[in-house]
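Participant:
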Amino acid sequence: MRSNVAVVDYGSSNLRSVVKALEYVAGGQHQIVISSSRKEILSADRIVFPGQGAIGDCMQSLHAGGLVEVLRAGIKSRPFLGICLGLQSLMSSSEEDNGVECLDFIPGTVRKFRAIASPNVDGTPKKIPHMGW
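My numbering numbers the first residue of the sequence shown as 458 and each following residue consecutively.
#1: Ignore the nearest five residues each way along the sequence and tell me which others in Asp561's own chain have a CB closer than 7 Å to its CB.
#2: Rounded to whole angstroms, what's the CA-CA distance from Pro564 to Gln545? Just pull it up for me.
#3: Around the Cβ of Ile585, are there at least 16 other Cβ atoms within 10 angstroms (buried) or fewer (exposed)?
#4: Give the secondary structure of Ile585 by DSSP, where H, G and I count as helix, E and B as strand, and everything else as coil.
#5: According to DSSP, Gln488 sits in a beta bridge with which residue or residues?
#6: So for Glu497, helix, strand or coil by DSSP?
#7: Secondary structure at Ser546, three-state DSSP: helix, strand or coil?
#8: From what residue to what residue does the beta strand (DSSP E) around Gly531 run?
#9: Kindly confirm or deny that the stretch 474–487 and the stretch 517–534 touch, where touching means at least three C-beta pairs closer than 8 Å.
#10: Can you say whether Phe570 is buried or exposed, counting buried as having 16 or more other CB atoms within 10 angstroms of its CB?
#11: Could you give the distance in angstroms between the alpha-carbon of Gly508 and the alpha-carbon of Val578?
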């Protein structure tokens, strides 16, 4: 029997790329669905929570969609994969956006990396956060 994997749609993420990657590695053994439905997410055998952007916007969208408690319950009862912001959201809080309360599954605070004293090889300061190519 194929298991059901819910990819959480909270309104901001490249969900199709995540689904394509999951379909590739699953080899047809799992039914993968994109969902913002509380019922569908809680009935899934596995949950994948990808995310991108700012944690403040993410948590606001999760609250607005009634997904905070759904994710908290799902994390405790089945395999869960948080990707990028989905992983960051598992912490108690984040310093980003002047402080944000997160899902509080993992005690602790996501803290911003402080400036690094050693510059890049070309003398330019290191970029934090390091995003892009």
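Just so you know, even glycine gets a beta-carbon here, dropped at the ideal spot from N, CA and C. Remember, predicted model here, so these are calculated numbers, not experimental data.
Facilitator: The answer reads as follows:
#1: Here residue 561 corresponds to residue number 104 of the sequence shown, with the count starting at 1. Excluding residues within five positions, the ones whose Cβ falls inside 7 Å are Ser549.
#2: Here residue 564 is taken as the residue at index 107 of the sequence shown, counted from 1. Here residue 545 is taken as the residue at index 88 of the sequence shown, counted from 1. Distance between the alpha carbons of Pro564 and Gln545: 12 Å.
#3: Within the sequence shown, numbered from 1, the residue matching residue 585 stands at position 128. Exposed: under 16 other Cβ atoms inside 10 Å.
#4: Counted from its first residue, the sequence shown places residue 585 at position 128. Of the three classes helix, strand and coil, the one that applies to Ile585 here is coil, per DSSP.
#5: Residue numbering aside, residue 488 sits at position 31 when the sequence shown is read from its first letter. For Gln488, which the question treats as bridged, DSSP gives the partners Asn461.
#6: Here residue 497 is taken as the residue at index 40 of the sequence shown, counted from 1. Glu497 falls in the helix class under three-state DSSP.
#7: Residue 546 sits at position 89 when you count from the first residue of the sequence shown. Note: Ser546 maps to coil in three-state DSSP.
#8: Translated into the one-based positions of the sequence shown, residue 531 becomes position 74. Element bounds for Gly531: not the beta strand (DSSP E) but the alpha helix (DSSP H), Val525 to Ser534.
#9: no
#10: Position 113 of the sequence shown, counted from the first residue, corresponds to residue 570. Flag for Phe570 reads exposed.
#11: For the purposes of this step, residue 508 is taken as the residue at position 51 of the sequence shown. For the purposes of this step, residue 578 is taken as the residue at position 121 of the sequence shown. Going by the C-alpha atoms only, they are around 32 Å apart.
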